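S.K.:
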Amino acid sequence: MQYSEKQHQRHSIRLKDYDYTQEGAYFVTICTHQKAFLFENEPISVIVEKCWLEIPVHSPNVQLDEWVIMPNHMHGILIIIDKCKTSKYPTNNVYNVRRGDPMGRPYIRPHGPTPDSIGTIVGQFKSVVTKRINKLHGTPGARIWQRNYYEHVIRNEHDLNEIRQYILDNPVKWDMDENNPDRLINELKPRGEPVCLTK
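Following our numbering, the numbering of the sequence shown begins with 9 at its first residue and continues without gaps.
(1) Measuring only the C-alpha atoms, how far is I89 from V65?
(2) The alpha helix (DSSP H) spanning N37 covers which residue range?
(3) Can you find the residues in the same chain that come closer than 8 Å, C-beta to C-beta, to C59, ignoring five residues on each side of it along the sequence?
(4) DSSP puts Y157 in a beta bridge; with which residues?
(5) Under a three-way DSSP split, which group does R107 fall into?
(6) Let me know the secondary structure DSSP gives M184 once reduced to three states.
(7) Strictly by DSSP, which residues pair up with Q71?
(8) Do L86 and I152 have their C-beta atoms closer together than 8 Å?
(9) Taking the DSSP output, what are the residues bridged to I162?
(10) When the Cα atoms are used, what is the spatial distance from Q71 to I63?
(11) Looking at the structure shown, is I152 part of a helix, part of a strand, or coil, going by DSSP?
(12) Provide the residue(s) that pair with V76 in DSSP beta bridges, ordered along the chain.
(13) Which residue wins for smallest C-alpha separation from T37, given the options P189, K181 and I171?
(14) Mind reading off the beta-carbon distance from D167 to N178? Whole number of angstroms is fine, and I expect it under 8 Å.
(15) On the three-state DSSP scale, how would you describe S53?
(16) Whole-angstrom Cβ separation of G127 and Y28, contact assumed at under 8 Å?
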């Protein structure tokens, strides 16, 4: 099989031209690397929970709604509540001018996620969790998370309530969860002994 550059290019799973810094509710799912059951380990699960609860401390314009930590992934609803934020990259600061630029044009970050966007918030959360878990286990550089994450822009209250219920139901439906590698085995297991109708 030949390598196809087009086939192997990464595709964004974000909505094209959507402003992920705007006020609203976002449902995110973040999976562990290779969907390993890392969060069955209580000290690791506690780290993930603590870091999730710290998100509003680091991003005061974000509120947490329903969330759940599963054996190899987590779901959560993040709500951006304040669109009017002070820029973290002011253009009128003397330290923000390009070095050696005779016009004094400001330096603009060329790459990376937009500040205060859902991508930045999730990225910071994943990074902090990774550092703390690797420090706990003495495994610097070990991967904790699957690359990227899944997100859904919540459009209305009905959508929000359905997703809240989905999150609340997730633990009891783990046997059939698409992130559970044992799901197919569970589906094929016999559902009890056959009933004999004749004597």
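Don't be surprised by glycine CBs; every beta carbon is placed ideally from N, CA and C.
Here the structure is a predicted model, which is why all the values come from computation and not from measurement.
M.R.: In brief:
(1) 14 Å
(2) First, the amino acid is wrong: residue 37 is Thr here, not Asn. Note, T37: premise wrong, no alpha helix (DSSP H); beta strand (DSSP E) at G32 to C39.
(3) F133, V136, V137 and R140
(4) None, per the DSSP bridge assignment.
(5) Any reading at R107 needs caution, since the residue's pLDDT is 49, under 50, leaving its predicted position unreliable; the model's value is listed next. Note: R107 maps to coil in three-state DSSP.
(6) helix
(7) I87
(8) no
(9) A33
(10) 8 Å
(11) coil
(12) H83
(13) I171
(14) Actually they are not in contact, since the Cβ atoms of D167 and N178 sit about 17 Å apart, beyond 8 Å.
(15) helix
(16) 6 Å
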